[in-house]
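Participant:
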Amino acid sequence: MTQQGQGDGFAWMVGANIALLHLAGALKSMPVIGLLPIDLTILLAMIALPLLVLLAALRRWLLAPALGLPLAAIGTLWLWLVLTGCWSASGAVLNAKLPEIILLGPVMLFAGMVVAGDDAALRGFAAATLGAGGVIALSLAANLAEGRVALGGLPGAEAEKWRVAYQVTGLAIAMAASLAALHWAEARGALRRFFWLGTTLALALGAALPGGRAALMALGLCLLLGPLLILIRQQSWIRAGVWVFGLLLLVGAAALLAQGQASAHSRALETLFQAETLESSGRLALWGEALALAGQAMPFGLGMGGFSLAAGFGEWRGRHPHNLALEALVETGLPGFALWLLAFGGAAWAFWRLGRSAPAWRVARLLVLCLPIAVTLQVSTDLGNRMAWLALGLALGLGVSAAPEERKHVRALG
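In terms of numbering that gives the first Met the number 0, the sequence shown has 404 at position 405, counting the first letter as 1, and numbering is strictly consecutive.
1. From residue 221 to residue 331, what does the alpha carbon distance come to, in whole angstroms?
2. Between the segment 206–214 and the segment 372–391, are three or more C-beta pairs nearer than 8 Å?
3. How many angstroms separate the CA atom of residue 131 from the CA atom of residue 121?
4. With DSSP as the reference, identify every bridge partner of residue 399, one or two as the case may be.
5. Nearest-angstrom Cα distance between residue 99 and residue 48?
6. Residue 377 by DSSP, collapsed to three states: which one?
7. At a threshold of 8 Å, does residue 115 count as lining the ligand FAD (C-beta to nearest heavy atom)?
8. For the alpha helix (DSSP H) that residue 109 lies in, which residues bound it at each end?
9. In terms of residue numbering, what span does the alpha helix (DSSP H) encompassing residue 216 cover?
10. Does DSSP classify residue 37 as helix, strand or coil?
11. Please state whether DSSP places residue 314 in a helix, a strand or coil.
12. Quick check: what's the CA-CA separation for residue 398 versus residue 58?
13. In the DSSP assignment, find the unbroken alpha helix (DSSP H) run with residue 8 in it and report its ends.
14. Throw me the rounded Cβ distance for the residue 89 and residue 308 pair, which I believe falls under 8 Å.
15. Below 8 Å on the Cβ atoms is my guess for residue 329 versus residue 301; work out the distance and round it to an integer in Å.
16. Out of 123, 363 and 393, point me to the one whose CA is closest to residue 181's CA.
17. Would you mind giving the Cβ-Cβ distance between residue 135 and residue 26, rounded to the nearest angstrom? I have them listed as a contact below 8 Å.
18. Can you give the Cα-Cα distance for residue 46 and residue 40, rounded to whole angstroms?
19. Verify whether the separation of the beta carbon atoms of residue 72 and residue 347 is less than 9 Å.
20. Check whether the Cβ atoms of residue 110 and residue 283 lie closer than 9 Å to each other.
21. Quick one: grab the DSSP three-state call for residue 182.
22. Are the beta-carbon atoms of residue 474 and residue 43 separated by less than 9 Å?
As structure tokens, then:
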């Protein structure tokens, strides 16, 4: 693990900047961000990426052998994705998605591994995520109350753009709430525990505002698993039992609120507890179409970006299979699907294996930072999403360790 030294402050700042880049899509949901003369993602990338390279150069890095298989699979997957573009019928979707995967994917994967491998950088990443999630929740609540924004976007706004923005907003708030819950589990003293419990509840309520069901599902998993991991490692069995009981009460209260007038103020509660949730979202139809087309295009798939055309949607990137495994299967065939399983499944296996001996605070933070993205990958987004590759890097970063470079002394020749 990272030794304490003068570089820890710099590493913390790098981690915080990478977190803001990771959450740039959610930060863009704040109206004040629209006043910037430059796109927020580009601005944050210009700041964060040079600092990331400098941090990487100032550390000695060690990688656990368990990372070998998933890293090899990721590199081979990228190569295969390029090759599948040769027989893809797509033009616009292919040209938009493939560069994001091949150019941004490696950078985001590298960023996640560096941040997760350095203790100070990981603490900075977690702190910035918690702070950004809180600011986003406050901004959303205030703007909704004043009528300056509407869930799903203002009248006449691009519906697809606003829908994605609020999905990412829900994820950001859910991650912040989960991190606050970890602080509660680690806190010493009644006052600190009360503060972090209140913060967790406030952020959990904020996560219900945007309307993202995946974010709420991920929030429930993170609130259950993250604090429990820390409490069990501490052997705080009573607090662990109280926490689980409290979560059950919270779920019950949410179910009751969803049946009443409160659901009018929370699209997520309104849709999460309704019958036939998957059917109403259109996911089942997309998954069925993806499986049918995958069978027709065996063994090498439709080619990268080819799903929307083959499914009759035209060159519409938003009509992807809404599941990364299905996307890999239908567009890149059996070889791409196998490589995807080795890459993402191998990262999950490595995380499980390495997490048993890693410090609890580190495992818990990486878990609640990666799990919301992992849930989203099953029901939304595509392989071009930079958040997917950064989260994959964070998961693999559990097998990375960093220490400051030793100073080299020049000896006089005598």
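No residue lacks a Cβ here, since even glycine has one placed at the ideal position from N, Cα and C. These figures come from a predicted structure and were not determined experimentally.
Facilitator: This is what the structure gives:
1. Here the question's residue 221 lines up with position 222 in the sequence shown. Here the question's residue 331 lines up with position 332 in the sequence shown. Approximately 32 Å between the Cα atoms of the pair.
2. yes
3. Numbered from 1 along the sequence shown, position 132 holds the residue referred to as residue 131. Numbered from 1 along the sequence shown, position 122 holds the residue referred to as residue 121. When rounded, the distance between both Cα atoms is 15 Å.
4. Your numbering for residue 399 matches position 400 in the sequence shown. Per DSSP, 62.
5. Residue 99 sits at position 100 when you count from the first residue of the sequence shown. Residue 48 sits at position 49 when you count from the first residue of the sequence shown. Using only the alpha carbons, I get a separation of about 16 Å.
6. The residue you call residue 377 lines up with position 378 of the sequence shown. Looking at residue 377 - three-state DSSP - the assignment turns out to be helix.
7. As far as ligands go, the structure on display features none, and thus does not contain the ligand FAD.
8. Along the sequence shown, one-based indexing puts residue 109 at 110. Unbroken alpha helix (DSSP H) run through residue 109: 104–116.
9. Within the sequence shown, numbered from 1, the residue matching residue 216 stands at position 217. Segment 212–232, the alpha helix (DSSP H) holding residue 216.
10. Here the question's residue 37 lines up with position 38 in the sequence shown. It is coil, neither helix nor strand.
11. One-based indexing of the sequence shown puts residue 314 at position 315. In the structure shown, residue 314 sits in coil (DSSP, three-state: anything other than H, G, I, E or B).
12. Position 399 of the sequence shown holds residue 398. Position 59 of the sequence shown holds residue 58. Straight-line Cα distance between these residues: approximately 15 Å.
13. Taking the first residue of the sequence shown as position 1, residue 8 is located at position 9. 7–21 is the extent of the alpha helix (DSSP H) around residue 8.
14. Here residue 89 refers to the residue found at position 90 of the sequence shown. Here residue 308 refers to the residue found at position 309 of the sequence shown. With 8 Å as the limit, residue 89 and residue 308 qualify as a contact, their Cβ atoms being about 6 Å apart.
15. Residue 329 sits at position 330 when you count from the first residue of the sequence shown. Residue 301 sits at position 302 when you count from the first residue of the sequence shown. Indeed, because the Cβ distance is near 6 Å, the residues count as touching under 8 Å.
16. The residue you call residue 181 lines up with position 182 of the sequence shown. Ranking the options by Cα distance to residue 181, first place goes to 363.
17. On the sequence shown, residue 135 is found 136 positions in, with the first residue counted as 1. On the sequence shown, residue 26 is found 27 positions in, with the first residue counted as 1. Confirmed, about 7 Å.
18. For the purposes of this step, residue 46 is identified with residue 47 of the sequence shown, where counting begins at 1. For the purposes of this step, residue 40 is identified with residue 41 of the sequence shown, where counting begins at 1. If I take the Cα positions, the gap works out to 10 Å.
19. Taking the first residue of the sequence shown as position 1, residue 72 is located at position 73. Taking the first residue of the sequence shown as position 1, residue 347 is located at position 348. No, the pair does not count as a contact, with Cβ atoms beyond the cut-off.
20. Along the sequence shown, one-based indexing puts residue 110 at 111. Along the sequence shown, one-based indexing puts residue 283 at 284. No, the Cβ-Cβ distance between residue 110 and residue 283 is not below 9 Å.
21. Translated into positions along the sequence shown, residue 182 becomes position 183. Helix, per DSSP.
22. Residue 474 is absent from the model: the chain starts at 0 and stops at 413.
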